[in-house]
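Participant: Chains as they are written, first to last, in our numbering: chain W, 18 to 280; chain P, 18 to 280. From the three backbone atoms N, C-alpha and C, an ideal C-beta is built for every residue, glycine too. Before I ask anything, let me first share the structure, which is written out below as structure tokens.
There are 2 protein chains.
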Amino acid sequence: MKVHFLHKPDIKNLENFIKKHASDSIIILLSRCSVIYDGRAKSTLNEGDRVVMIKPDGSLLIHKNKKREPVNWQPPGSSIFYKVENKNFIIKSIRKKPREVLEIIAHKIYHACAFRCEDYEELNLTGSEEEMADMIFKNPKLIEEGFSPLSKEYQIPTGIIDILGKDKNNNWVILELKRRRADLQSVSQLKRYVEYFKNKYGEKRVRGILVAPSLTTGALNLLKSENLEFKKINPPKKDQTLSKKLSKKYNTINKTAILDEWL
Amino acid sequence: MKVHFLHKPDIKNLENFIKKHASDSIIILLSRCSVIYDGRAKSTLNEGDRVVMIKPDGSLLIHKNKKREPVNWQPPGSSIFYKVENKNFIIKSIRKKPREVLEIIAHKIYHACAFRCEDYEELNLTGSEEEMADMIFKNPKLIEEGFSPLSKEYQIPTGIIDILGKDKNNNWVILELKRRRADLQSVSQLKRYVEYFKNKYGEKRVRGILVAPSLTTGALNLLKSENLEFKKINPPKKDQTLSKKLSKKYNTINKTAILDEWL
DNA sequence: TGCTGGATATCGGGA
DNA sequence: TCCCGATGTCCAGCA
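As structure tokens, this is what we get:
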């Protein structure tokens with residue numbers, strides 16, 4: 018059985034339900050609850066309806082009816098404790114380092130599910146900064162004619178340079194890559210690396226280039242005033258399909274047709 | 018009725034179920050699905066068991082059985098479409114700006130819930146950077162004797178200064194606050210602000226102080242070499258309780274006793 | 001709407 | 001473990 022559930026459970030049944038399933042299933046509780054958190058910060062949340070999700074890896078999420086972010090949470094590795102007290106179902110999650118304690122006082126449980134979630138597939142993502150770096154390494158003249166990349170992820174005391182290389186005049190070139198619009202922090206980062214290299218090799222032999230699809234106005238101004246450069250490059254997106262097994266299974270789905278119908 | 022649910026629903030029933038509830042309820046689907054995303058980046062996720070959560074504000078989350086983060090998602094404001102095709106239930110979420118499209122191909126739906134989630138309470142959080150700023154404004158000698166804060170969130174072309182003030186010798190003092198261990202980026206940020214002020218008011222009349230509970234080694238080295246300063250301060254945590262109504266309702270719960278029992 | 005920086009950020013990689 | 005930076009970061013506040 019993939020899914021077990023209790024509708025409007027008796028609180029004693031709920032306790033057994035969680036005891037039975039929490040180790041290998043995602044537990045979802047539709048509940049009316051209050052929440053107390055104390056750790057890196059500290060918070061309270063008064064009584065309201067929320068979705069509580071507890072994963073077998075110790076992650077815990079409490080979701081309101083809005084936003085992408087959980088209102089309270091614990092990261093993987095946290096330990097779960099629970100008990101019944103005064104007709105409330107109380108869940109406590111403890112993270113050891115840093116020490117953080119989260120307590121859910123569930124006044125009502127409307128519905129509980131346990132989902133034995135079998136998943137052997139990982140996300141295949143394309144369009145990352147790393148892929149920009151690979152592309153530039155394979156095709157350095159995307160930056161400029163005569164550019165030679167020498168090192169990726171080159172470590173210096175003030176950080177990690179995305180790509181270090183030399184230009185056709187043998188100047189050092191430091192690239193800072195951003196997959197999205199670059200901002201002031203991106204420029205600061207590049208400047209920090211360039212300054213270290215200038216201290217080491219002399220003012221006139223080090224160039225810094227910010228590589229990104231675009232720049233904020235503030236970033237552009239700072240870049241200019243610091244004599245740093247900008248090269249517009251978009252992160253590459255590889256072609257992707259779902260696995261063959263899948264395409265076969267559902268080969269009558271015509272994605273273009275779906276799109277036409279919807280858009 | 019707070020909660021409606023379908024166990025092993027017929028796909029046609031599911032369609033009606035979602036049509037009926039999606040506008041005012043959180044929809045949770047325990048499903049076996051594949052996911053395609055294309056937007057700022059692009060991804061595929063092959064068939065596996067996942068929890069899908071759709072909120073009335075358009076947020077959409079797809080959770081695997083591990084980690085705090087959803088494997089795929091859409092932020093609030095996205096539009097949901099759905100339909101049945103080849104015995105699959107297909108959900109499409111479209112975000113307009115930036116344009117991002119997410120498609121869930123649900124091969125099986127094990128269980129579906131709709132939760133009319135009524136929640137009028139907001140999170141009360143303490144221990145933020147903003148509260149550090151308030152504390153320093155009220156009690157400036159936490160920084161040093163004779164420090165006078167003049168402005169909070171002071172905007173300059175290269176960013177926003179947390180606290181701008183003067184010391185007892187009438188030097189400008191720029192504070193950069195961090196609620197947690199400060200790193201290289203924190204130092205760069207402070208340095209960026211200090212450099213703007215030095216250009217404006219002269220080298221010797223501007224000090225920069227990083228205010229945080231601690232520093233990484235790299236941050237400390239950079240701070241020293243740039244003649245910036247460090248002041249160790251922890252973010253304050255206010256006393257908090259759940260609302261009176263609540264404490265009254267559950268006044269027999271003794272939190273200390275709970276802690277003793279558990280820890 | 002764009003810009004800026006905080007966040008209980010989370011997460012992964014490297015030393 | 002600490003350090004460092006990416007993230008489809010999300011999100012609020014402000015000009």
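(1) Quick one: which residues of the region 198-210 of chain P get their C-beta closer than 9 Å to a C-beta of chain W? List them in chain order.
(2) Would you mind telling me which residues of chain P sit closer than 8 Å to SER15/W, beta carbon to beta carbon, in chain order?
(3) Per the DSSP calculation, ALA131/W is bridged to which residue(s)?
(4) List in chain order: all unbroken beta strand (DSSP E) runs of 3+ residues lying wholly within the region 42-126 of chain W.
(5) CA-CA distance, ILE43/P and SER96/W?
(6) Report the option in GLN257/P, ARG224/P, GLU148/P whose CA atom is closest to the CA atom of ASP184/P.
(7) To which residues of the same chain is ASP55/P closer than 6 Å at the C-beta, ignoring the five residues directly before and after it?
(8) Taking the alpha-carbon positions, what's the LYS114/W to THR234/P distance?
(9) Touch check for the region 118-131 of chain P and the region 77-84 of chain W: three-plus C-beta pairs under 8 Å?
(10) Residues in the region 232-251 of chain W with C-beta within 8 Å of chain P's C-beta atoms, listed in sequence order?
(11) Are LEU207/W and LEU181/W close, meaning C-beta to C-beta below 7 Å?
(12) Here's the rule I'm using: 16 or more other beta-carbon atoms within 10 Å means buried, otherwise exposed. How should ALA158/P be labelled?
(13) Is LEU3/P close to chain W? Criterion is C-beta to C-beta, closer than 7 Å.
(14) On the three-state DSSP scale, how would you describe ASP151/W?
(15) In three-state terms, what does DSSP make of GLY235/W?
(16) Along chain W, which residues have their Cβ under 8 Å away from the Cβ of LYS83/P?
(17) Can you check whether the C-beta of GLU135/P is within less than 7 Å of a C-beta belonging to chain W?
(18) Enumerate in chain order the residues of its own chain whose CB-to-CB distance from ASN268/W is below 6 Å, with the five nearest sequence positions on each side excluded.
(19) For the beta strand (DSSP E) containing LEU181/P, name the first residue and the last one.
(20) Find the residues of chain P that neighbour HIS128/W, judging by a C-beta separation of less than 7 Å, and give them in chain order.
(21) Whose C-beta lies closer than 6 Å to the C-beta of THR61/W among residues of the same chain, with five residues either side of it excluded?
(22) Rounded to the nearest angstrom, what separates GLU170/P and LEU201/P at their Cα positions?
(23) Taking SER165/P as part of the beta strand (DSSP E), name the residues at either end of that continuous run.
Facilitator: This is what the structure gives:
(1) LEU201, GLN202, VAL204, SER205, GLN206, LYS208, ARG209
(2) Nothing can be reported for residue 15/W, as the shown portion of chain W is limited to 18 through 280.
(3) In the first sequence, the residue the question calls residue 131/W occupies position 114. ALA131/W is bridged to HIS21/W, ILE44/W.
(4) 43-55, 59-71, 77-80, 89-91, 96-102, 105-112
(5) As a working note, residue 43/P is residue 26 in the second sequence. As a working note, residue 96/W is residue 79 in the first sequence. Cα to Cα, ILE43/P sits roughly 27 Å from SER96/W.
(6) Counted from its first residue, the second sequence places residue 184/P at position 167. Answer by Cα proximity: ARG224/P.
(7) As a first step, residue 55/P is located in the second sequence; it is residue number 38 there, counting from the start. Same-chain partners within the cutoff: VAL118.
(8) Translated into positions along the first sequence, residue 114/W becomes position 97. Translated into positions along the second sequence, residue 234/P becomes position 217. Computed Cα separation, rounded: 20 Å.
(9) no
(10) GLY235, ASN238, LEU239
(11) In the first sequence, residue 207/W corresponds to position 190, counting from 1. In the first sequence, residue 181/W corresponds to position 164, counting from 1. Contact: no.
(12) One-based indexing of the second sequence puts residue 158/P at position 141. In the sequence on display, residue 158/P carries Lys and not Ala. Its Cβ having fewer than 16 others within 10 Å, LYS158/P is exposed.
(13) The question about residue 3/P has no answer here: the residues shown for chain P are numbered 18 through 280.
(14) Counting from one through the first sequence, the residue named residue 151/W turns up at place 134. Looking at ASP151/W - three-state DSSP - the assignment turns out to be helix.
(15) Sequence index remark: in the first sequence, residue 235/W carries index 218 (1-based). Helix, per DSSP.
(16) One-based indexing of the second sequence puts residue 83/P at position 66. By Cβ distance, chain W contributes LYS72, PRO73, ASP74, SER76, PRO93.
(17) For this step, residue 135/P is matched to residue 118 along the second sequence. Yes, its Cβ sits closer than 7 Å to a Cβ of chain W.
(18) Here residue 268/W is taken as the residue at index 251 of the first sequence, counted from 1. At ASN268/W, the pLDDT of 34 sits below 50, so the modelled position is not reliable and the matter cannot be decided from this model.
(19) Locating residue 181/P in the second sequence gives position 164, counting from the first residue. Here the beta strand (DSSP E) through LEU181/P covers 176-183.
(20) Numbered from 1 along the first sequence, position 111 holds the residue referred to as residue 128/W. Ordered by position in chain P, the residues that pass the 7 Å Cβ test against HIS128/W are VAL20, PHE22, CYS130.
(21) Residue numbering aside, residue 61/W sits at position 44 when the first sequence is read from its first letter. Within the same chain, THR61/W has close Cβ partners ILE53.
(22) For this step, residue 170/P is matched to residue 153 along the second sequence. For this step, residue 201/P is matched to residue 184 along the second sequence. So the two alpha carbons sit approximately 21 Å from each other.
(23) Taking the first residue of the second sequence as 1, we reach residue 165/P at position 148. Taken as a continuous stretch (DSSP letters only), the beta strand (DSSP E) holding SER165/P covers 165-173.
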